[in-house]
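Chemist: Could you have a look at this structure, given as structure tokens, before my questions?
Protein chains: 4
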Amino acid sequence: MVKQENGIDLHATRSRGRPRQAVLDQRILEATLRLLAEEGYARMSLDDIATAAHTTRATIYLRYPSKAALTVAAILYARRSFVLPPLTGDLRHDLVVHLRHFQETMATPYSLPLIGTAVAEEHTTPELLTVFREHVIASRRQMLRSILLQARSRNELAPLVDIDLAVAQLIGSYYALAIAGDPIPPDWPERVVDQIFAGILRDVSLHNQGV
Amino acid sequence: MVKQENGIDLHATRSRGRPRQAVLDQRILEATLRLLAEEGYARMSLDDIATAAHTTRATIYLRYPSKAALTVAAILYARRSFVLPPLTGDLRHDLVVHLRHFQETMATPYSLPLIGTAVAEEHTTPELLTVFREHVIASRRQMLRSILLQARSRNELAPLVDIDLAVAQLIGSYYALAIAGDPIPPDWPERVVDQIFAGILRDVSLHNQGV
Amino acid sequence: MVKQENGIDLHATRSRGRPRQAVLDQRILEATLRLLAEEGYARMSLDDIATAAHTTRATIYLRYPSKAALTVAAILYARRSFVLPPLTGDLRHDLVVHLRHFQETMATPYSLPLIGTAVAEEHTTPELLTVFREHVIASRRQMLRSILLQARSRNELAPLVDIDLAVAQLIGSYYALAIAGDPIPPDWPERVVDQIFAGILRDVSLHNQGV
Amino acid sequence: MVKQENGIDLHATRSRGRPRQAVLDQRILEATLRLLAEEGYARMSLDDIATAAHTTRATIYLRYPSKAALTVAAILYARRSFVLPPLTGDLRHDLVVHLRHFQETMATPYSLPLIGTAVAEEHTTPELLTVFREHVIASRRQMLRSILLQARSRNELAPLVDIDLAVAQLIGSYYALAIAGDPIPPDWPERVVDQIFAGILRDVSLHNQGV
DNA sequence: TATTAATCGAGACGGTACGTCCGGTCTTCCA
DNA sequence: TGGAAGACCGGACGTACCGTCTCGATTAATA
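Residue numbers (this note's numbering), protein chains in the order written: chain S, 1 to 211; chain W, 1 to 211; chain V, 1 to 211; chain B, 1 to 211.
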């Protein structure tokens, strides 16, 4: 009988003594998510989380060894029902669908600051960035990669395309716009897909034909 | 006769009272930069900065109202001698040169975590992100934009190109790779420029011709 | 079954949670008393107290809301084993004994400055003076009053004697001498008792007889 | 030719350069007195004094070397027109008049706290207490002493009277009442004089005669 | 009349302390 | 054993104050 279904179970061992209250796990994680969203990582205090979850700091430390670990757990908890859209085989359509999904995820109030936190704490709390990479970023990146790899196998891509770089261009354009403070256009997925498909240079052969 | 010699004069008004010791400004900002790099924003303490700058917290607070403001000033100070490379008119060359310059800037140990901090503190300390946008990001973005706009005026670009999006793709690919933990290839500037030039799709006309 | 064993129990409610370390209470109060004596109220710093008590300022603030409150508590602590001498019924003897006891109390290095502090802070920190009056001054004053009242009931006093004023004259002569910088004579208790007994005027009847 | 006429001239030497503004002396001292009365010595800040006197801390420090010295100067300034009542030769009347004068002086809002401050700062700022003793306390004490000495020379006093102690009893009864928080009765001067004249014991000879 | 020496306003600076807040650990009782 | 409650340590933050200092501007006596 397998207890862990997603590899991220910190309290797996079914030991003796009074069992933990599952409802407390939930309350703690949801309070964490809410305060993370409202205050940001730095200003979010464990005391406030404990109060919001109707428990105490000590009980939280019984579950998570640090503020960072709790944050990580909360992020994973938030993504527990996260499902990527299925692939259809249509290159443009699949890319647009996934980028839109990404866009919607990032539109929630504190998604970007949370990534910022993970990056900011890279040296002091590398677990944050690690868990982000492994459980949040990697899955989508892998999906986009496979979309492009399938397209390559269907011979739809130019032969020298750097697929990892293409994925970075697609996703990264969102980061760059957001960091710069530019509003993200509603049709950003279509725009970026079309632009990376066609390139930005004038078609020389066509141009020459015109002359 | 010009009074300001360095462009960023925070204490311009030659007012009454004992003037600030310029050397202290410098020592404080350089200590801040060093500790910011060594410890990161969160672990950097004003007491340590004061000690390293051979002064006291009170004196720092005379200049900057908060830790965030000091950090902002230090970042601006770090960029006081920041000079973007000149333009040549060669589209590909100019883009590659500027992206390489960006790449080198980001390669310093705490550039990315610092941006992460700014993004993370967006809601609690928006000044950080604002100053980043205005003094760090905007200038390069503007430069890349003008490179592409000049190319458009020389009729080198495809007519429907979204220039802001193209800039975001160029720069953003670096963000995406860094956040994902991917190593940045040494020839990243050339790669991303070429890929955004040509697009990633197989040349359909050529392909059709081939068939 | 008695819960309070020493009369002044600030933390009487046996509530939940980790109980305070009684030894810390003691160390803090004794360090306070020592530094109060060595440095005086103004120069005594909470950091030094904390260091001397092998704890931290935060822990002190857990117990006392301010420096003044801590000082008050320390003074009360110093008087925890304060026992007034018993009465014998001999008016002169009782008065002398109590005044000598008062004299010995005041002889400790910072007794008078401490009263001075309490008086000085009357408007800004009235608690100090209040606690002094209630716990230090009142008890002795009451005792002297009762000595005189008993004497009155034994018909030993002149009928019009203002007892409160008499107490004030006895004790006050010490204050006045100390404030004036006069050395307090070792037999001050006997002197002041005898002088307040007999009055200072030449005995008129005797004088008249002499003439 | 004597320059200083009262021993307390801090700015005697008539040197070259811009002379001091006499009006500033006055404003500073009066602001000091007011804030000393309103806030007490400890809470009175030189910045507040400077602001109230429409000047700056540096200018104050040009005149007085420390907060304590300024306070001393202010107290002396407050007593510049202090005149003790003349003697009449009537023992009881003279004592009552001087005690009433003392009572009125002490009735001003911060007289007692000021003495408290001087006593409190005895170890850290002994000048305060010294100047108090020399210029405030000693003069009255001397006057009361001379009243009693004259009475002795007129053979009005009992032969063994300790005059210094008698003065201390007279004045000290006020201190004791004030410190204890007792209201001072309006006829306190008469009461204390009469009580110290007659003593508090029942007249034994009279009593014996009565029996 | 020009110089000189001091005052005065304004504010920088070092040093020190206060009171608050937080993260992490611990200790105790209760269920 | 889990959980509630809260003590405890260590350390940072921002504020306040004292006493010193360094400027520029001003003012009067003097050379």
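Glycine included, C-beta positions come from ideal geometry on N, C-alpha and C. Treat the numbers as computed from the prediction; the structure is a model and nothing was measured.
So within the stretch 168-208 of chain V, which uninterrupted alpha helix (DSSP H) runs reach at least 4 residues, ignoring any that extend past its ends?
Modeler: 188-198
Chemist: With DSSP as the reference, identify every bridge partner of residue 214 (chain W), one or two as the case may be.
Modeler: Given that chain W is displayed from residue 1 to residue 211, the structure contains no residue 214 (chain W) and the question cannot be resolved.
Chemist: Taking 8 Å as the limit between beta carbons, can you name the residues of its chain near residue 196 (chain S), skipping five residues before and five after?
Modeler: The residues are 166, 169 and 170.
Chemist: With 9 Å as the threshold, decide whether the Cβ of residue 199 (chain V) is near any Cβ in chain B.
Modeler: Output row for residue 199 (chain V): interface = yes.
Chemist: Count the other C-beta atoms from every protein chain shown that fall within 10 angstroms of the C-beta of residue 177 (chain V), then say buried if there are 16 or more, exposed otherwise.
Modeler: Residue 177 (chain V) is buried by the Cβ-count criterion.
Chemist: Over the uninterrupted alpha helix (DSSP H) stretch that includes residue 75 (chain V), give me the two end residues.
Modeler: 67-78
Chemist: Using 9 Å as the limit for Cβ to Cβ distance, is residue 110 (chain W) near chain S?
Modeler: yes
Chemist: Would residue 47 (chain W) be called buried (16 or more neighbouring beta carbons within 10 Å of its own) or exposed?
Modeler: exposed
Chemist: Sort B:116, B:139 and B:89 by Cα distance to residue 128 (chain V) and report the nearest one.
Modeler: B:116
Chemist: Would you kindly check if the distance between the Cβ of residue 201 (chain V) and the Cβ of residue 110 (chain V) is under 9 Å?
Modeler: no
Chemist: I need the DSSP call for residue 18 (chain V), collapsed to helix, strand or coil.
Modeler: If DSSP states are grouped into helix, strand and coil, residue 18 (chain V) belongs with coil.
Chemist: Can a CB atom of chain W be found closer than 9 Å to the CB of residue 49 (chain S)?
Modeler: When Cβ-Cβ separations below 9 Å define contact, residue 49 (chain S) makes no contact with chain W.
Chemist: Does the Cβ of residue 31 (chain V) have 16 or more other Cβ atoms within 10 Å, making it buried, or fewer, making it exposed?
Modeler: buried
Chemist: Residue 63 (chain B) to residue 181 (chain B), Cα distance in whole Å?
Modeler: 38 Å
Chemist: Helix, strand or coil: which one does DSSP assign to residue 106 (chain V)?
Modeler: helix
Chemist: Relative to the C-alpha of residue 215 (chain S), which candidate in S:55, S:137 and S:172 has its C-alpha closest?
Modeler: Because residue 215 (chain S) is not part of the residues shown, which for chain S are 1 to 211, the question remains open.
Chemist: Closer than 8 Å, Cβ to Cβ, to anything on chain S: give me those residues from the stretch 112-125 of chain W, in chain order.
Modeler: Within the stretch 112-125 of chain W, the residues whose Cβ lies closer than 8 Å to any Cβ of chain S are, in chain order, 112, 113, 114, 115, 116, 117, 118, 119, 120, 121, 122, 123 and 124.
Chemist: For a test of the three-state rule: what should DSSP assign to residue 83 (chain W), helix, strand or coil?
Modeler: coil
Chemist: Taking three-plus beta-carbon pairs below 8 Å as touching, is the stretch 85-105 of chain B in contact with the stretch 134-147 of chain B?
Modeler: Enough Cβ pairs lie closer than 8 Å, so yes.
Chemist: Assuming residue 123 (chain S) contacts residue 40 (chain W) (C-beta within less than 8 Å), just tell me the rounded distance between them.
Modeler: 5 Å
Chemist: Shortest alpha-carbon distance to residue 188 (chain S) belongs to which of S:76, S:130 and S:107?
Modeler: S:107
Chemist: Give me the Cβ distance between residue 34 (chain W) and residue 22 (chain W), rounded to the nearest whole Å; I'm assuming they're in contact under 8 Å.
Modeler: Between residue 22 (chain W) and residue 34 (chain W) the Cβ distance is about 19 Å, and since that is not below 8 Å, they are no contact.
Chemist: Hey, does residue 195 (chain S) have any beta-carbon neighbour from chain W nearer than 9 Å?
Modeler: Answer yes: the Cβ-Cβ gap between residue 195 (chain S) and chain W drops below 9 Å somewhere.
Chemist: Candidates S:72, S:27, S:141 and S:103: which alpha carbon is nearest residue 55 (chain S)'s?
Modeler: It is S:27.
Chemist: Using a Cβ cut-off of 9 Å, pull out every chain S residue sitting near residue 17 (chain W), in sequence order please.
Modeler: Here the premise fails: no neighbours, minimum Cβ distance about 36 Å.
Chemist: Give the residues of chain B in contact with residue 238 (chain V), contact being defined as C-beta atoms less than 7 Å apart.
Modeler: This structure gives no information on residue 238 (chain V), because the portion of chain V shown stretches from 1 to 211.
Chemist: Please tell me whether residue 103 (chain W) and residue 175 (chain W) are closer than 9 Å, where the distance is taken between their beta carbons.
Modeler: no
Chemist: Would you mind giving the Cβ-Cβ distance between residue 91 (chain V) and residue 151 (chain V), rounded to the nearest angstrom? I have them listed as a contact below 8 Å.
Modeler: 4 Å
Chemist: Flag this pair as yes or no: are the beta carbons of residue 132 (chain W) and residue 120 (chain W) separated by less than 9 Å?
Modeler: no
Chemist: Look at the Cβ atom of residue 179 (chain W), then the Cβ atom of residue 136 (chain W), and state whether they are nearer than 9 Å.
Modeler: no
Chemist: Tell me the rounded alpha-carbon separation between residue 163 (chain W) and residue 78 (chain W).
Modeler: 29 Å
Chemist: Going by other Cβ atoms of all chains shown within 10 Å of its Cβ, with 16 needed for buried, is residue 85 (chain B) buried or exposed?
Modeler: Exposed: under 16 other Cβ atoms inside 10 Å.
Chemist: Could you name the residues of the same chain whose beta carbon sits closer than 6 Å to that of residue 29 (chain S), not counting the 5 residues immediately before and after it, in chain order?
Modeler: 74 and 77
Chemist: Relative to the alpha-carbon of residue 89 (chain V), which residue among V:82, V:143 and V:138 has its alpha-carbon at the smallest distance?
Modeler: V:143
Chemist: Could you spell out where the alpha helix (DSSP H) holding residue 52 (chain B) opens and where it closes?
Modeler: 46-52
Chemist: If we ignore side chains and look at the alpha-carbon of each, how far apart do residue 68 (chain V) and residue 134 (chain V) end up?
Modeler: If you take the alpha carbons of residue 68 (chain V) and residue 134 (chain V), they lie about 16 Å apart.
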